[in-house]
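Asks: This is the structure, below, for whatever I ask next.
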Amino acid sequence: MPTDSKVVRTWDLMIRLFHWTLVAAFFTAYFVEDDWMSLHVLAGYSVLGLLLFRIVWGLIGTRHARFTNFVCSPAKTLAYLKDAIAFRARRYLGHNPAGGAMVIAMLFSLSATTVTGLALYGYAEFSGPLAGQMGSTPEWLGSSLEDVHEFLANFTVLLVLLHIAGVVLASLQHRENLVHSMFTGIKQKELS
Amino acid sequence: MKTSALLTALLLGAASTGLLAADVNDVQGHYRAQGAGPFQSERGKSLWNSRPYEGRQCADCHGPDLTRSGQHQRTKKTIEPMAHSVNASRYTDLKEVEKWFTRNCKSTWNRECTAQEKGDLLEYLKQL
Amino acid sequence: MKNWIIGGLLAAIGITAAFLAVGSPYENEYGWRGPYDYRYARHREDVVPVQSAAYQEECGSCHFAYQPGLLPVASWQRIMDGLANHFGENAELDKETAGELRAYLVANAADRVGTGRSPGIANSLRGSAPLRITETTYFRRHHHEIPARMVKDNPEIGSFSRCDACHTGAAQGNYDEHGVRIPGYGHWED
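Chains as they are written, first to last, in the numbering used here: chain Z, 50 to 241; chain C, 1290 to 1417; chain V, 18 to 207.
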């Protein structure tokens, strides 16, 4: 992209592919549940792989993908949220502070969901990489795993809804189509 | 004349190999061939109601009224009626009859039934 | 602005279509979950259904015909060796039929089949060979929440060994929790 261009590539191809593949993988797992165990597990493994990629990419990737670019203090995040609700937040080219916080929240929530899923797969189905360890888990501990896994999955859905709300809010406020940018990777350098 | 003779021969041949559905009399004939008989319904009835040791009684699964279905005590599986008048098809396959005699005599009385006892039981059941 | 409205409408239609096609994760009181109700789901893979007519006939005449994929080879061998005292009953068979059934069971046992729940069941046993499916760790972990009054003390059922009393898809090899209807209690909420 020439430097005098009015647009800039904010989201690189890897980040975009990662984002939409994660959407597909997570919701596949969420809706299929254990009714179709092999597909559910495949989707779960995909999420795990995608998470690992994102962490690595967050350390060595393009500018706006790196954690150092968008992870802020809680104070700054709260201040941003207040401004956003008042419709006077500043426009960010990459992740805004709330978006940055959402990335971290999602990473934790998805990690916890997949890890408890692996544990549950080992405990109840005696399958997967944790089958050996979970085989001798006492029942009082193992039986709660299903509830924990379900709760975390639902919590992730809650985060997704908040994420969508945030994207819509920011898009309306700054009159730019952020969803479109997540497909093309391109944003206006400056808003008129 | 020739065709009907041929047909009869075929029918008898088929019946003896169990291809054509036999009936309870044919099954009893099998036990007669082993030297048992004549068969008495009364002996069959007393066998049916006997309880030689603290094992089981036939009625435990087959029920008190043999014109109606019984139920397996543990699995709750429905057992079709035993009475010949209601369920004659039960007695048409010798192999099946033998299988259930072997199992149920051993389960209920801890031994195989003799050919005489089998014939007597069938005599009792075919009158119901 | 128009793009947003169109986009929003498309998204709403898309999500609705997805829900209808895939079904909601939550059920109404009748247990219906949309077209993805377990009865319609093509990919039923819990346990391979019984494929031997002889097995269905002989071993399904007194009780539910348990699919061979529910127990390992060693368990089936023990059962076939002990037909004279089959859980307190005599279940003897002629040699030919017994041989045919043994071969079928061994070929399709849990530690021979790679699909569905069978590998998990085999793993859960770690070499032990119980006679009863209800004694496997796999079974216990999946049924631990069910109180005795619903099964053992339920006059309509009496024993956990009667799979098809509650699992409405058991005969097809489907033990999915959404297909469970406990007599006298209705749908089971996990």
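No residue lacks a Cβ here, since even glycine has one placed at the ideal position from N, Cα and C.
Go ahead and pull the three-state DSSP assignment for Z:K236.
Replies: Here Z:K236 sits in strand by DSSP.
Asks: I think Z:R115 touches Z:I235, with their Cβ atoms under 8 Å apart; what is that distance to the nearest whole Å?
Replies: That belief does not hold up - the Cβ atoms of Z:R115 and Z:I235 are roughly 19 Å apart, past 8 Å.
Asks: Sort out for me which residues DSSP pairs V:G203 with in a bridge.
Replies: Its beta-bridge partners are V:I199.
Asks: Cα separation between V:I174 and V:Y121?
Replies: Roughly 29 Å between the two C-alpha positions.
Asks: Residues of chain Z with a CB under 9 Å from the CB of V:Y83: which are they?
Replies: Under the 9 Å cutoff, chain Z gives no residues; its nearest Cβ is about 19 Å from V:Y83.
Asks: Would the stretch 1340-1355 of chain C count as touching the stretch 1321-1329 of chain C if we require 3 or more Cβ pairs under 8 Å?
Replies: Segments in contact, no.
Asks: Taking a Cβ distance cut-off of 9 Å, strictly less, list which residues of the stretch 165-177 of chain V are near chain C, in chain order.
Replies: Listed in sequence order: E173, I174, G175 and S176.
Asks: Quick one: what's got a C-beta closer than 8 Å to V:L118's C-beta in the same chain, skipping five residues either side?
Replies: Closer than 8 Å at Cβ, skipping near neighbours: S69, A71, Y72, E75, C76, M97 and L110.
Asks: Of all the CB atoms in chain Z, is at least one closer than 8 Å to the CB of V:S92?
Replies: Not one chain Z Cβ lies under 8 Å of V:S92.
Asks: Is DSSP giving V:I214 helix, strand or coil here?
Replies: Residue 214 of chain V lies beyond the stretch modelled for chain V, which goes from 18 to 207, so this question has no answer here.
Asks: Are the C-beta of V:R149 and some C-beta of chain Z separated by less than 8 Å?
Replies: It does not: the Cβ of V:R149 has no partner Cβ on chain Z nearer than 8 Å.
Asks: How would you call C:Q1362, buried or exposed, if buried means at least 16 neighbouring beta carbons within 10 angstroms?
Replies: Exposed, since its Cβ has fewer than 16 Cβ neighbours within 10 Å.
Asks: Z:L101: buried (16+ other C-beta within 10 angstroms of its C-beta) or exposed?
Replies: Its Cβ having fewer than 16 others within 10 Å, Z:L101 is exposed.
Asks: Report yes or no: is there a C-beta of chain V within less than 8 Å of the C-beta of Z:Y172?
Replies: For Z:Y172, the answer is yes, since a Cβ of chain V falls inside 8 Å of its Cβ.
Asks: Could you tell me whether any Cβ in chain V is nearer than 8 Å to the Cβ of Z:L188?
Replies: Checking the sequence, you will find Glu at residue 188 of chain Z rather than Leu. Chain V contact via Cβ: present.
Asks: Nearest to Z:F75 by alpha carbon, out of Z:G93, Z:D83, Z:V120 and Z:W85?
Replies: Among Z:G93, Z:D83, Z:V120 and Z:W85, the Cα nearest to that of Z:F75 is on Z:G93.
Asks: Buried or exposed: C:L1338, going by 16 or more other Cβ atoms within 10 Å of its Cβ?
Replies: Note on identity: in this sequence residue 1338 of chain C is Asn, with Leu being the wrong assignment. C:N1338 should be labelled exposed.
Asks: Looking at the unbroken beta strand (DSSP E) that takes in Z:V57, where does it start and where does it end?
Replies: Residues V56 to R58.
Asks: Residue range of the alpha helix (DSSP H) that C:C1394 falls in?
Replies: Here the alpha helix (DSSP H) through C:C1394 covers L1383 to W1398.
Asks: Answer yes or no: does any C-beta atom of chain V fall closer than 8 Å to that of C:R1392?
Replies: Closer than 8 Å: yes.
Asks: For C:Q1360, which of helix, strand or coil comes out of DSSP?
Replies: In the structure shown, C:Q1360 sits in a strand (DSSP, three-state: E or B).
Asks: Can you find a C-beta in chain V that's less than 8 Å from the C-beta of C:T1403?
Replies: No, no contact with chain V.
Asks: Mind reading off the beta-carbon distance from C:A1372 to C:T1356? Whole number of angstroms is fine, and I expect it under 8 Å.
Replies: At roughly 4 Å, the Cβ-Cβ gap stays under 8 Å, so C:A1372 and C:T1356 are in contact.
Asks: What's the call for Z:P146, buried or exposed, on a 16-neighbour Cβ count within 10 Å?
Replies: Burial call: buried.
Asks: Jot down the residue ranges of each uninterrupted alpha helix (DSSP H) in the stretch 122-176 of chain V, minimum 4 residues, whole runs only, in chain order.
Replies: Those alpha helix (DSSP H) runs which fall completely within the stretch 122-176 of chain V and span 4+ residues are 135-142 and 154-160.
Asks: Return the chain-ordered list of same chain residues with a C-beta closer than 6 Å to the C-beta of V:A139, the five sequence neighbours on each side being excluded.
Replies: Around V:A139: P89, A127 and D128.
Asks: Any idea what DSSP makes of V:H184, helix, strand or coil?
Replies: It is a strand residue.
Asks: Are at least three pairs of beta-carbons, each pair with one atom in the stretch 133-151 of chain V and one in the stretch 81-88 of chain V, less than 8 Å apart?
Replies: A contact exists between the stretch 133-151 of chain V and the stretch 81-88 of chain V.
Asks: Check whether the Cβ atoms of Z:L88 and Z:V96 lie closer than 8 Å to each other.
Replies: No.
Asks: Run through DSSP, which three-state label would Z:H89 get?
Replies: Of the three classes helix, strand and coil, the one that applies to Z:H89 here is helix, per DSSP.
Asks: Residues of chain A with a CB under 7 Å from the CB of V:G190: which are they?
Replies: Protein chains Z, C and V are contained in the structure displayed, whereas chain A is not.
Asks: If you compare alpha carbons, which of Z:L159, Z:D83, Z:L71 and Z:W60 is closest to Z:L142?
Replies: Closest option to Z:L142, Cα to Cα, is Z:W60.
Asks: Would you kindly report the start and end of the unbroken alpha helix (DSSP H) that includes Z:V209?
Replies: Per DSSP, Z:V209 belongs to the alpha helix (DSSP H) from E188 to H223.
Asks: Using only CA atoms, which one of Z:S54, Z:L71, Z:V56 and Z:L240 lies nearest to Z:V152?
Replies: Nearest C-alpha to Z:V152: Z:L71.
Asks: Excluding five sequence neighbours on each side, which residues of the same chain lie with their C-beta closer than 8 Å to the C-beta of Z:I104?
Replies: Around Z:I104: L156.
Asks: Name the chain V residues that come within less than 7 Å of C:S1396, Cβ to Cβ?
Replies: Here the neighbours are E106 and N107.
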